[in-house]
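**Q** First residue of the sequence shown? That's -12 in the working numbering, and the numbers climb one at a time after it.
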Amino acid sequence: MITLIENEITVDEYLDIRARVNWKRLSLNQAKKALSNCLFNVKAVDEEGNMIGMGRIVGDGAVICYIQDLIVIPTAQNKGVGSIIIKRLKEYVYGLREENTTMMLCLMCAKGREKFYIDNGFTARPTEALGPGMIMYME
């Protein structure tokens, strides 16, 4: 059974789960700021209480939010954990939306993960109306 715990990801857990999926290493200060400055975060834990996945919401909380750091450890992938996390993240953002307004929820997915996000309600870009996403790494 998977349990979701909201807004309780520790810096050590965050750094550990990023390392477990071979993501870029962050400094301790970067990790602290990332967690403290996000609007919302959720971690998925297994029956033994081990963190097996997580996701964060960043953004302005009014017009646009982004799913950031959706991570599921390799041994828990393809078991529905990512979809459980994304469902909760979407519910959180929907709850921020003012009545009769539109909230944009965006993300940048890793190459090859497009189908997962499409299956969870997202639209791949580019489309007829939307251009491709862009990124700049500032080192």
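A virtual CB, placed ideally from N, CA and C, is assigned to each residue, including glycine. It should be emphasised that the depicted structure is a prediction, and the values quoted were computed from it without experimental measurement.
1. With three or more C-beta pairs closer than 8 angstroms as the rule, is the stretch 10 to 23 touching the stretch 59 to 66?
2. What are the boundary residues of the alpha helix (DSSP H) that Ile72 is part of?
3. Assuming Val32 is part of the beta strand (DSSP E), what are its boundary residues?
4. If you check the beta carbons only, do Asp56 and Arg75 fall under 8 angstroms apart?
5. Within 8 angstroms, do at least three Cβ pairs link the stretch 35 to 42 to the stretch -2 to 6?
6. Three-state secondary structure (DSSP) at Ile134?
7. Compute the Euclidean distance between the alpha carbons of Asp47 and Glu101, then round it to the nearest angstrom.
8. Using a Cβ-Cβ cutoff of less than 8 angstroms, which residues in the same chain neighbour Asn(-6) once the five nearest sequence positions on both sides are dropped?
9. Let me check you understand the geometry: is the CB of Met91 closer than 7 angstroms to at least one non-hydrogen atom of the ligand ZN?
10. State the DSSP-derived secondary structure class of Gln55, mapped to helix, strand or coil.
11. For Gly69, is the classification buried or exposed, using 16 other Cβ atoms within 10 angstroms of its Cβ as the cut-off for buried?
12. State the DSSP-derived secondary structure class of Thr(-10), mapped to helix, strand or coil.
13. Quickly, what does DSSP pair Arg7 with across the bridge? List them, please.
**A** Taking the coordinates as given:
1. No, the stretch 59 to 66 is not in contact with the stretch 10 to 23.
2. Per DSSP, the continuous alpha helix (DSSP H) segment holding Ile72 begins and ends at Val68 to Leu83.
3. Where Val32 is concerned, the enclosing beta strand (DSSP E) starts and stops at Phe27 to Val32.
4. Judged by beta-carbon spacing, Arg75 lies beyond the 8 angstroms limit of Asp56, meaning their Cβ atoms are not closer than that value.
5. At 8 angstroms Cβ cutoff, the stretches touch.
6. Residue numbering for the chain in the displayed model covers -12 to 126; residue 134 lies beyond these limits and cannot be assessed.
7. Straight-line Cα distance between these residues: approximately 25 angstroms.
8. If we look at Asn(-6) and ignore the five residues flanking it on each side, its Cβ neighbours are Phe27, Asn28 and Val29.
9. Here there are no bound small molecules, and the ligand ZN is not part of this structure.
10. It is a strand residue.
11. Buried is the call here.
12. Strand.
13. The partner list for Arg7 (beta bridge, DSSP) is empty, contrary to what the question assumes.
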